[in-house]
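*Asks:* Pasting in a structure now, in structure tokens, and then I'll have a few things to ask.
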Amino acid sequence: MSGVPILKLDRITKTFPGVVANENVSFEVGQGEIHALLGENGAGKSTLVKMIYGVQKPDSGEMSFMGEPFAPSKPSEARAKGIGMVFQHFLLFEALTVYENIVLGLSAAEAKTGDLRQRIIDVSTTYGLKVDPDRLVGTLSVGERQRIEIVRCLLSEPKLLIMDEPTSVLTPQEVSVLFQTLRRLASEGCSILYISHKLEEIRALCSKATVLRGGKLVGSCDPRQETAKSLAEMMIGATLNKPVRQLPAPGEIRLKVQELFMESEEQFGVDLENITMAVRAGEILGIAGVAGNGQTELMEALIGERACRFGRQIQLDGVDIGTQGPRERRARGMCFAPEERLGHAAVPGMALWENTLLSAGKTNDLARGGLISLFNANRFATKVVDDLKVKTASVKSAARSLSGGNLQKFIMGREIMQNPKVLIASQPTWGVDAGAAAAIHGILIDLAKGGTAVVIISQDLDELFTISTRISVIAGGYLFPSQPTEELTVEKLGLAMGGRAKEVDAAKHAANAETAGA
Amino acid sequence: MLKLVPRKEPNRAMLYATPFLAVLMTLVAGFLLFTLLGKDPLHAMYLIFVKPLTDFNSVAEMLVKATPLVLIGVGLAIGFRAGVWNIGAEGQFTIGAITGGSVALAAYPEGGPLLLPAMALAGALGGMAWAAIPAFLRTRFNASEILVSLMLVYVATLLLSLLVHGPLRDPDGFNFPESRLFQEDALLPALIPDTRAHWGFVVGLFAVVAAYVYLERMLLGFQVKVLGQAPRAARFAGYSEKKIVWTCFMISGGLAGIAGLFETAGPVGQLVPSLPVGYGFTAIIVAFLGRLHPVGILFAALLMALTYIGGETAQIEMSLPSATTSVFQGMLLFFLLATDVLVNFRLARAGKPAAAAVRPAAPTPAE
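Keeping their order, the protein sequence lines are chains A and B.
For what it's worth, the working numbering labels the leading residue of the first sequence as 1, then goes sequentially.
For what it's worth, the working numbering labels the leading residue of the second sequence as 1001, then goes sequentially.
Rendered as structure tokens:
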């Protein structure tokens, strides 16, 4: 399909104080081409697409779009030319409806053309992106929110669609629907610039790939001709060692959750219904599921942000801890890494060393007698940064100044280095590049070998299959019994995630109808 | 044309520069204002900002005015850091004066070295009790502490009026709505002999140091900041929101109560209905002008005290309206809030350079 380049970058350079984000990057995207942009965290992918989308300006170099010189100074200019972008972190207002969110994202001229509500429905049905314009965004799952962003872009009929890590929140089935949509768009002549670190996906979807490393172009290739391993090595510039899951026989039960019911505090949340699980020392239990099926609520209950009604509902090494708060649970040797990095696992405006105090204060003696030990906190933060190879100017940098993957490494490091008895992590490698993800996986496996019971809540099935010893599925707030990984396939799990969710819904409706009738 | 571009990280230099920028802009606006009023602006500025500093007595008066501002401002700042908006320090100030003053009146005419500490303690407890109302309503019923604490100011003021008209009225005072003049031992000793500057200022300095240690070195202060900046992270860490909200109200209420007691046992010397003159509200400006930082608040309080004294001088010497001081304080807060946008945004040249109009564009929502 590729012919005349729709987008051409010529020796683009962008420097920030102290960092060269992009250096002499040149590449072309052909019409109707699905073009992958590959690179580790901090390789300069985000900066590059931000320049294409008009969020930032290059220091030097030229871009041309559809044969014309192109230098957008703001996103609305880029949109007017026909460039759409779906960000990794969605920019949606939860208290507004889908329709209102879409209107807010469009320029006045775009919003006025025709019956927008009808167009939203048309676009979403044409491309298989089911969204209801009148639903509140707060009630939607992450996957559904992504659809809004895509629909928003498609409304302005873009000629180039930029997608930043779009599949990290989708089930395998949703991913294949998304790919159908993207292929269809490409066949209609829309070019797609696809940023992802999931190499298998890139091999399945993209016809061309541009690889960045340290801000520089290191090569381009046809990903269909490469293996995932060769792509990863090109990206990292070194040989990649996949973590090997060789765990000893599981030991005693460390974490036990039984008959845990919890109503969600959120208006649009998912109630936990009869969660029961047991994780032994040396085991890694993977919890799969589509976003918005109770993962957040389960995480809250496990962290202790909301106490259970009865102590016995959660047990650690046989001790009832259900009614205890996060600090007591940590003191007993539990560690947690929630999904949301900024604002939940870390305070955005605070320095890294300050952020260690959130969860590692007790275990690492960072505060004694109510006084913060600057020395200990800095030493611990420095150790985390060094051991996990977190890219940051210093431990005094604010958490929000780190890239998503680097912050995730820091947070995982902060938790892992407390040598927990039980570690519970949600989406431990979301947005983290292949090299770092492999490192985090390796550490998790090492922890399990050392006798830690690990629970991984993730929407990335590849990840769960790589490291989990057993996998279960959460759907509609209900946790299915786990099965050994060897006995499962991606398809089987994917069906459980999607299909079973409907069954759970049906069962719940039936139960509700009964209660209402009685 | 200029436009605002969001910064990647808040600019720390700007954070400290904006108060000075705001003072500068207040001076410029004040200059224009006096010119329009037909007064000599240079002379007015001299009277407001320079003359008080050349006079020993005025400097002492500055300390008198700065004392309640420092005490209240420091307490409020801790709450503001946690996102606890205690707007009713004026009421806690008044109740502190009532409870502390009542101890003196109850002991009258006895004295002794323990009387003042007992009064200060009663003042602090009074302020805390008044602050406990919004604290309870917020933590129990999720009521807005802004409205509750603000409305309680008027209740406190009326309560003071009621008491000095009734039970606390001076029996020998010809029915004037005032309490007795406090006995000698109930009055704060002078810090500088023959002036009204009292030891309360030293307590204020102590509060500055204590608040600094609390916010920068203590785990409790850290929790306050975490709750203010990222409430979910506070839950993740296991910090109790209720506890932090209560602590903030107790600290700010207690300090406001002490400030009220110091005012009544210091420069005033008795309970009068006109005791609350707005320190509790001015302290809000002081807290923000001082960047919610204890040391900054000390300087902001001194500056604000200067505008009080200078404003009075200008009123007398140039027959300016009595609102001058309020106008200056208002402008200061206004310009501070306006320039604060530069902490998170920077000005950039954009569009056609020919267009002379300065119109800050709204930040693009796409980042």
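Every residue gets a Cβ at the ideal spot worked out from N, C-alpha and C, and that includes glycine.
Please read all numbers here as calculations on a predicted model, not as lab measurements.
1) Using a Cβ-Cβ cut-off of less than 8 Å, list which residues of the stretch 301-327 of chain A approach chain B; keep chain order.
2) Does residue 1218(B) have its Cβ less than 8 Å from a Cβ in chain A?
3) Taking C-beta pairs closer than 7 Å, name the residues in chain B that residue 338(A) reaches, listed in chain order.
4) Classify residue 350(A) as helix, strand or coil using the three-state DSSP reduction.
5) What first and last residue would you give for the alpha helix (DSSP H) that runs through residue 1200(B)?
6) Distance check for residue 1208(B) and residue 1243(B), CA to CA, integer angstroms please.
7) What does the alpha-carbon distance come out to for the pair residue 288(A) and residue 1238(B)?
8) Check the Cβ of residue 1229(B) against every Cβ in chain E and list those closer than 8 Å, keeping chain order.
9) Have a look at residue 1197(B) and residue 1188(B) and give me their C-alpha separation to the nearest angstrom.
10) Along the stretch 370-386 of chain A, where does the CB come closer than 9 Å to a CB of chain B? Name the residues.
11) Excluding the five sequence neighbours on either side, which residues of its own chain have a C-beta within less than 7 Å of the C-beta of residue 1109(B), listed in chain order?
12) At the 8 Å Cβ level, is residue 1233(B) part of the contact set with chain A, yes or no?
13) Between the alpha carbons of residue 1181(B) and residue 348(A), how many angstroms are there, rounded?
14) Counting only beta-carbon atoms, is residue 1226(B) nearer than 8 Å to chain A?
15) Does residue 344(A) have its Cβ less than 8 Å from a Cβ in chain B?
16) Can you give the Cα-Cα distance for residue 1125(B) and residue 1254(B), rounded to whole angstroms?
17) Which residues, in chain order, does the stretch 1079-1098 of chain B contribute to contact with chain A at a C-beta distance below 8 Å?
18) State whether the stretch 1318-1329 of chain B contacts the stretch 1072-1081 of chain B, with contact taken as three or more CB pairs (one from each stretch) at a distance under 8 Å.
19) Against chain B, does residue 367(A) count as a neighbour if the rule is that its beta carbon must be under 8 Å from one of theirs?
20) Inspect the CB distances between the stretch 1276-1289 of chain B and the stretch 1089-1101 of chain B and report whether three or more fall short of 8 Å.
21) Using only the alpha-carbon positions, how far apart do residue 212(A) and residue 1304(B) sit?
22) Can you say whether residue 378(A) is buried or exposed, counting buried as having 16 or more other CB atoms within 10 angstroms of its CB?
23) Any beta carbon of chain B sitting closer than 8 Å to that of residue 155(A)?
24) Compare the C-beta of residue 357(A) against all C-beta atoms of chain B and say whether one is closer than 8 Å.
25) On a CA-only basis, which of 253(A), 252(A), 488(A) and 297(A) is nearest residue 274(A)? Give me that one, please.
26) For a cutoff of 8 Å on Cβ pairs, would you count residue 1141(B) as touching chain A?
27) What distance in whole Å lies between the Cβ atoms of residue 192(A) and residue 161(A), which are believed to be in contact at a cut-off of 8 Å?
28) Assuming residue 1317(B) contacts residue 1097(B) (C-beta within less than 8 Å), just tell me the rounded distance between them.
29) I want to verify the contact list: residues of chain A whose CB lies under 9 Å from the CB of residue 1031(B), in sequence order.
30) Checking contacts by CB at 8 Å: is residue 1345(B) closer than that to chain A?
31) Does the beta-carbon distance from residue 1121(B) to residue 1104(B) come in below 8 Å?
32) Which one or two residues does DSSP pair with residue 454(A) in a beta bridge?
33) Leaving out five residues before and five after residue 1234(B) in sequence, what residues of the same chain have Cβ atoms less than 6 Å from its Cβ?
34) What is the residue span of the beta strand (DSSP E) that residue 5(A) lies within?
35) For residue 1281(B), go through chain A and note every residue whose CB falls closer than 8 Å to its CB, in chain order.
36) Using a Cβ cut-off of 8 Å (strictly closer), state whether residue 1222(B) contacts chain A.
*Replies:* Let me spell this out:
1) 303, 304, 305, 325, 326 and 327
2) yes
3) 1236
4) coil
5) 1200-1217
6) 22 Å
7) 26 Å
8) No chain E appears in the structure shown, which is made up of the protein chains A and B.
9) 9 Å
10) 370, 371, 372 and 374
11) 1183
12) yes
13) 54 Å
14) yes
15) yes
16) 6 Å
17) none
18) no
19) yes
20) yes
21) 56 Å
22) buried
23) no
24) yes
25) 297(A)
26) no
27) 5 Å
28) Between residue 1097(B) and residue 1317(B) the Cβ distance is about 32 Å, and since that is not below 8 Å, they are no contact.
29) Chain A residues near residue 1031(B): none, gap ~37 Å exceeds 9 Å.
30) no
31) no
32) 284(A) and 423(A)
33) 1226 and 1227
34) 5-16
35) Neighbours of residue 1281(B) on chain A: none; closest Cβ ~28 Å, over 8 Å.
36) yes
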